[in-house]
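Structure first, commentary second.
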Amino acid sequence: MELRNILGRSVYLGPGSSKMDVINEVVKKPGQDKAFYVLDISEVVERVKLWRQLLPRVDIFYAVKCNSEPIVLGLLTALGTGFDCASQSEMEQVLGLGAQSSRIIYANPYKLPSHLRFAQARQVSLMTFDSETELHKIKANYPEAQLVLRIRYDAAKSFICFGEKFGVLPDKARTLLVAARALTLSVVGVAFHVGSDCSDLPVFYHAIAAARKVFDEAEEEGFKPYLLDIGGGFPGDDERLMRELSHYINIALDHFFPDDGRVKVIGEPGRFIVASSFTLVTSIIGKRHKDELEHSTSSARKQVEWHNSSCSSLEKENEVKKQKEAISNMYYINDGVFTSFCSVLKNREPDTPTPLVERPGQPQVASTLWGWSCTSTDCVKKDILLPDLSLGDWLVWSTLGAYTLSHFSNFNGLPLPEVYIFQTPDSVKYLKAYENELDGNSTSY
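What follows is the structure, given as structure tokens:
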């Protein structure tokens, strides 16, 4: 995607403007009643810059599955990143935006034969595997592929563990290397994924150590591996944690894979790149009081007095649970768990939203936010404190760029929110510094 196309879709309000200015402009549009996102290009740019600062040896191969908004993919292409694709459709999308085939890894250990043939036709040769049956499939459909053996190494703390489904245990890897050699296939590297949204600090160090042993075994079996893929699992909005994880990764790389030019290292960040760049804005389309006639005024007064006290956050949380029936507003918003809030179905609630219009001094009321589909499973957030809201009021949800748009379902025929793109002078300057990359001058393995 050309730089002018990226910037041409942007909403630019001049120096000193912010995404809140964009939000206020959109909600003022006549007849505006739909949920929408604001994509702050500068957030994506800053995340790419931070990654390159913290992990200078690890090349970004962005996980397309996390958020496949074309502007994001075009922007990352312009910034010279690679891509982790899981299907023919994802490969088609990034190739169509100008990504080079050498900057794609087909990182799905189990692939359709037709998708393998597509990869062969478009010269997307890097791909993962973790079983002997997959080796035979690759041999039959893309024998010249460059294979990356995925090993299993699970974090003790992560939101989603992939080890149950993918990855061979490191001590069983040689069996697959022997099978690949017998099939005259080419194994060029080792990959792992410690788990989504990992908070286990030492796990990358130990996983890289395990990968080193498999590298050595691959060399003993006659292969010439040159690629280490450390996968994903990086936090979306916790810079402190990211810095700590990077520290362990850099130490491990220096120890087990010295920077001598023989091994290329890639990572597959998704959440880290896009989570903070997307802000969702929803409106209240329905409201009712739950059991409002069964509770006394004194109970309501008690909750207001408690909220305005200096209790600890844990005490307040416990008190909300106790008093949630005292005053409870039920709101219905123009989004839900089948569109932007699919993470709720995986027991991961979003942060509490902020009303667009502040109401200083107004008491907070225990509230439940329901989605807009016709099923009772569509509950976005329960038992949170919000001021008394009215129909048409807007709520602002931060850091909703990861696994929201990409998990969209058409359940009940409900539409996906529109995306408005916001840019700043600094982000434009940084992008233009990479303009030559758009002519095809990018790193090739």
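Numbering (the working numbering), first residue to last: 552 to 996.
We put the beta carbon where it would ideally sit given N, CA and C, even for glycine.
Residue i versus residue j: straight-line alpha-carbon distance, rounded
{"i": "Ser682", "j": "Gly782", "result": "18 angstroms"}
{"i": "Phe829", "j": "Val970", "result": "9 angstroms"}
{"i": "Glu790", "j": "Ala650", "result": "28 angstroms"}
{"i": "Ala658", "j": "Asp788", "result": "25 angstroms"}
{"i": "Leu686", "j": "Thr726", "result": "12 angstroms"}
{"i": "Arg813", "j": "Pro938", "result": "59 angstroms"}
{"i": "Leu778", "j": "Lys570", "result": "39 angstroms"}
{"i": "Asp977", "j": "Ser619", "result": "24 angstroms"}
{"i": "Glu795", "j": "Cys749", "result": "12 angstroms"}
{"i": "Asn575", "j": "Val908", "result": "10 angstroms"}
{"i": "Val916", "j": "Gly837", "result": "16 angstroms"}
{"i": "Thr684", "j": "Tyr883", "result": "49 angstroms"}
{"i": "Ala730", "j": "Ala762", "result": "18 angstroms"}
{"i": "Tyr756", "j": "Asp811", "result": "19 angstroms"}
{"i": "Ser665", "j": "Leu627", "result": "27 angstroms"}
{"i": "Glu715", "j": "Lys980", "result": "44 angstroms"}
{"i": "Leu804", "j": "Leu734", "result": "31 angstroms"}
{"i": "Asp780", "j": "Thr903", "result": "35 angstroms"}
{"i": "Asp610", "j": "Val931", "result": "36 angstroms"}
{"i": "Lys897", "j": "Leu940", "result": "28 angstroms"}
{"i": "Gln674", "j": "Ala696", "result": "9 angstroms"}
{"i": "Lys585", "j": "Ser891", "result": "13 angstroms"}
Closest Cα partner of residue i within the set the options
{"i": "Ile835", "options": "Leu700, Val947 and Ala707", "result": "Val947"}
{"i": "Arg654", "options": "Gly631, Ala672, Glu643 and Lys662", "result": "Gly631"}
{"i": "Thr975", "options": "Asn575, Leu590 and Pro581", "result": "Leu590"}
{"i": "Asp929", "options": "Asp886, Gly952 and Asn575", "result": "Asp886"}
{"i": "Phe962", "options": "Lys980, Arg899 and Val888", "result": "Val888"}
{"i": "Val816", "options": "Gly633, Met881, His840 and Gln671", "result": "Gly633"}
{"i": "Met881", "options": "Ser676, Leu942, Ala691 and Lys600", "result": "Leu942"}
{"i": "His840", "options": "Pro809, His806 and Ser879", "result": "Ser879"}
{"i": "Asp1009", "options": "Val675, Pro694, Val578 and Pro721", "result": "No answer is possible for residue 1009: it lies beyond the span of the chain, which begins at 552 and ends at 996."}
{"i": "Ala629", "options": "Arg603, Leu601 and Val596", "result": "Val596"}
{"i": "Arg608", "options": "Pro809, Arg899 and Leu792", "result": "Pro809"}
Proximity below 8 angstroms, CB of residue i to CB of residue j
{"i": "Ser709", "j": "Gly784", "result": "yes"}
{"i": "Leu606", "j": "Ile800", "result": "yes"}
{"i": "Ala707", "j": "Val754", "result": "yes"}
{"i": "Trp765", "j": "Val699", "result": "The sequence given here has Val at residue 765, not Trp. No; because the gap between Cβ atoms is not below 8 angstroms, this pair is not in contact."}
{"i": "Ser652", "j": "Leu646", "result": "yes"}
{"i": "Trp923", "j": "Leu965", "result": "yes"}
{"i": "Leu967", "j": "Phe973", "result": "no"}
{"i": "Asp944", "j": "Pro911", "result": "no"}
{"i": "Val522", "j": "Phe669", "result": "In the structure displayed, the chain extends from 552 to 996; residue 522 sits before or after that span and is not available."}
{"i": "Asn957", "j": "Lys662", "result": "Note that residue 957 corresponds to Ser in the displayed sequence, not to Asn. Contact: no."}
{"i": "Ile689", "j": "Gly746", "result": "no"}
{"i": "Phe774", "j": "Val738", "result": "yes"}
{"i": "Pro901", "j": "Leu936", "result": "no"}
{"i": "Ile656", "j": "Met678", "result": "yes"}
{"i": "Leu648", "j": "Leu624", "result": "yes"}
{"i": "Lys933", "j": "Thr919", "result": "yes"}
{"i": "Ala1008", "j": "Ala826", "result": "A question about residue 1008 goes unanswered here, because the residues of the chain that appear run from 552 up to 996."}
Three-state secondary structure assigned by DSSP to residue i
{"i": "Trp921", "result": "strand"}
{"i": "Tyr756", "result": "helix"}
{"i": "Ile592", "result": "helix"}
{"i": "Arg725", "result": "helix"}
{"i": "Gly523", "result": "Outside the shown range of the chain, which is 552 to 996, sits residue 523, and nothing can be said about it."}
{"i": "Tyr971", "result": "strand"}
{"i": "Pro664", "result": "helix"}
{"i": "Gln639", "result": "helix"}
{"i": "Cys930", "result": "strand"}
{"i": "Ile702", "result": "strand"}
{"i": "Asp572", "result": "helix"}
{"i": "Gly751", "result": "Sequence inspection shows Asp at residue 751; the Gly mentioned does not correspond to that position. Coil at Asp751, not helix or strand."}
{"i": "Ser652", "result": "helix"}
{"i": "Asp805", "result": "helix"}
{"i": "Arg839", "result": "strand"}
{"i": "Ala742", "result": "strand"}
{"i": "Ile781", "result": "coil"}
{"i": "Lys580", "result": "coil"}
{"i": "Thr628", "result": "helix"}
{"i": "Leu844", "result": "Caution is warranted here: a pLDDT of 38 is assigned to Leu844, below 50, making its placement in the model unreliable, and the coordinate value is therefore given only provisionally. The answer is helix: DSSP assigns Leu844 an H, G or I state."}
{"i": "Leu940", "result": "coil"}
{"i": "Leu720", "result": "coil"}
{"i": "Asn692", "result": "helix"}
7 angstroms Cβ shell around residue i - same chain, five flanking residues per side excluded
{"i": "Val855", "result": "The predicted position of Val855 is uncertain, since its pLDDT is 49 and thus under 50; a value taken from the coordinates is nonetheless stated next. Same-chain partners within the cutoff: Pro914."}
{"i": "Ala769", "result": "Leu728, Val738 and Pro776"}
{"i": "Ser847", "result": "In this prediction, Ser847 has a pLDDT of 42, which is less than 50 and means its spatial position is unreliable; what the coordinates show is noted afterwards. Cβ neighbours of Ser847 beyond the five flanking positions: none."}
{"i": "Cys925", "result": "Asn963"}
Own chain partners of residue i with C-beta closer than 8 angstroms, once the 5 adjacent residues on each side are dropped
{"i": "Lys717", "result": "Checking the displayed sequence, the identity of residue 717 turns out to be Phe instead of Lys. Once the five neighbours on either side are set aside, the close Cβ partners of Phe717 are Pro660, Asp681, Arg701, Arg703 and His744."}
Residues near residue i in its chain [Cβ-Cβ closer than 6 angstroms; skip 5 each side]
{"i": "Glu819", "result": "Phe612, Ala614, Asp635, Gly782 and Gly783"}
{"i": "Glu772", "result": "Leu728 and Arg732"}
{"i": "Arg852", "result": "Low confidence applies here, because Arg852 scores a pLDDT of 48, under 50, leaving its location unreliable and the question unanswered by this model."}
Residue i at chain D interface by Cβ criterion, 8 angstroms
{"i": "Ser568", "result": "The structure shown contains no chain D; it is built from a single protein chain."}
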